[in-house]
Each structure stands twice: as structure tokens, then as C-alpha cells.
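In the numbering used here, the protein residues as written are 4 to 233.
Glycine included, every Cβ here is placed at the ideal spot set by N, Cα and C.
Take a look at the structure set out below.
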């Protein structure tokens, strides 16, 4: 893990160093300076995203027991927040964001962690979707669990990659991931958050036909009782 982190940090840091040298060499060419500055900003954003994802992953792994931060969380509200955070990126590529969430789906957990998990899934779906498609999020109660499915109409994931998709730093398409600012940690964070909450995350995908990531979480204790009574 440390070796992977070192490699991932060296890439943007090395790029920033080279770009800084390029700016110095092109000081008499304003257009070149602007171009290099834009690249520096891109690499800076990538580095910031990587550091934030590392912080999020470490928090999930070493934070205090979930009971200390757990609260009743209405999943529909978390989904709405996740879609709102990705709305600008989706609008820029004319991707429709659609939600179909049961309002009474409630789980007990850490709202911040759950927001991070849903945010990562929605952001991932938008990043890998072609223009003028849609990303749909559905929330439904299924027995004593809540199922949250994020479906896109993107390029899909090759079958050989499905078993490794939740590994830290694993990228199906490294070039595409870097172009979209991906760090290779988002899905790993989702997996850890799901496990922390006594749930799981799974993926279905078909090349050329999109993907569906499904997060399954236990209903809150009160709702589990109602589900059994029903």
C-alpha cells in the first residue's frame, strides 16, 4: 500500500515540477505559459483529490466505532445531496441525473461516510458516461435492507476487471481515470464504508451497456421491526 501511495503521489508532483520548468523556459511566450499553467492546475487538482481520498480511506479504516457517530439517516436525502454535487459535471456533458427513492428508507449510520459513498458512486457513473445519457439512482427497501442502485449508460466494465474493481488504486482504464481526475480509491472507499455499516456493495456490468453499482445497507432497528411485522 505504501509503495502504491508513493507512486501515485510522485506522478502529479513530478508533472508539476516539469511544468514549472517549462513555464520558466517559455516565459517569453504568453500562450505557452497559459497552456502550461492550465496543466499545472489540472495536476494540482488531481493531487488534491488523491490526498482527500487517502484521508477519507484512513478515516474509514481507523475512526472510532460507528456507534459513536451513528444517527438515523434518510437515504433519499443523502442521494439528493450526492446528485446535487455532481449536477454541474453532468450538465456540462448533458447527462440527466434521475432519482427514484423511497422516502421511508432509513438506515442507522454515519451520515458523512454514507454521503461519501454515494457521492463516489454517482461521480464515478458521471465520469464514465457518454454525453447525452443518464445516470439513475434508485432506493428501495428489500426485506430488512435498503438497496441503493446507481446505474449508468456508460462504456461498461470488462468481465476480467470486475473481481478487482474495488481494490485500492485499481483502474480499469488508467488513461481515462487520470483524464477525469480519478484516483483509483473511490470504489475502495465505498467498499470499506459499506462493510463498516454491516452492508455490502456489488457491481453488475456489460461492456457497451453500462454498469450498476448496488449498495445494500441494514434498515434501522425500528424499520426492521416494521418490515418483519409487515
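* **3-residue-minimum beta strand (DSSP E) runs that sit fully inside the region 76 to 119, ordered along the chain** => 99 to 104, 109 to 112
* Quick one: what's got a C-beta closer than 6 angstroms to residue 143's C-beta in the same chain, skipping five residues either side? -> 105, 150
* Asked: Does the beta-carbon of residue 101 have 16 or more other beta-carbons within 10 angstroms, so that it is buried, or is it exposed?
  -> exposed
* To do: Assuming residue 119 and residue 153 form a contact by the criterion Cβ under 8 angstroms, report the distance between their Cβ atoms to the nearest whole angstrom.
  => Not really, about 14 angstroms apart at Cβ, beyond 8 angstroms.
* To do: Using the Cα positions of residue 197 and residue 43, report the straight-line distance between them to the nearest angstrom.
  => 35 angstroms
* Asked: In its own chain, which residues sit with a C-beta less than 8 angstroms from the C-beta of residue 46, not counting the 5 before and 5 after it?
  -> 15, 18, 19, 22
* Between residue 39 and residue 192, what straight-line distance do the alpha-carbon atoms span, to the nearest angstrom? -> 32 angstroms
* To do: For residue 91, collect the residues of the same chain with a Cβ closer than 7 angstroms to its Cβ; drop the 5 residues on either side in sequence, then sort them by chain order.
  => none
* To do: Please name the residue in 188, 95, 94, 199 whose C-alpha comes closest to that of residue 54.
  => 188
* If you compare alpha carbons, which of 108, 207, 110, 84 is closest to residue 163? -> 207
* To do: Select from 135, 75, 59, 125 the residue whose C-alpha is nearest the C-alpha of residue 171.
  => 59
* To do: For residue 122, collect the residues of the same chain with a Cβ closer than 7 angstroms to its Cβ; drop the 5 residues on either side in sequence, then sort them by chain order.
  => 85, 88
* DSSP three-state call for residue 148: helix, strand or coil? -> strand
* Boundaries (first-last residue) of the beta strand (DSSP E) holding residue 214 -> 214 to 221
* Asked: Does DSSP classify residue 37 as helix, strand or coil?
  -> helix
* Asked: Looking at the structure shown, is residue 171 part of a helix, part of a strand, or coil, going by DSSP?
  -> coil
* **Test item: CB-CB of residue 109 and residue 223 under 8 angstroms** => yes
* Just the C-alpha distance for residue 203 and residue 194, rounded to the nearest angstrom, thanks. => 7 angstroms
* Asked: For residue 220, does the count of other Cβ atoms within 10 angstroms reach 16, so buried, or fall short, so exposed?
  -> buried
* Cβ-based neighbour list, residue 211, same chain, cut-off 6 angstroms, excluding 5 preceding and 5 following -> 159
* **Buried versus exposed, by CB contacts within 10 Å (16 or more), residue 157** => buried
* To do: Return the first residue and the last residue of the beta strand (DSSP E) that residue 208 is part of.
  => 203 to 208
* To do: Within its chain, find whatever has a CB closer than 6 angstroms to the CB of residue 216; leave out the 5 residues flanking it on each side and keep chain order.
  => 124, 153, 206
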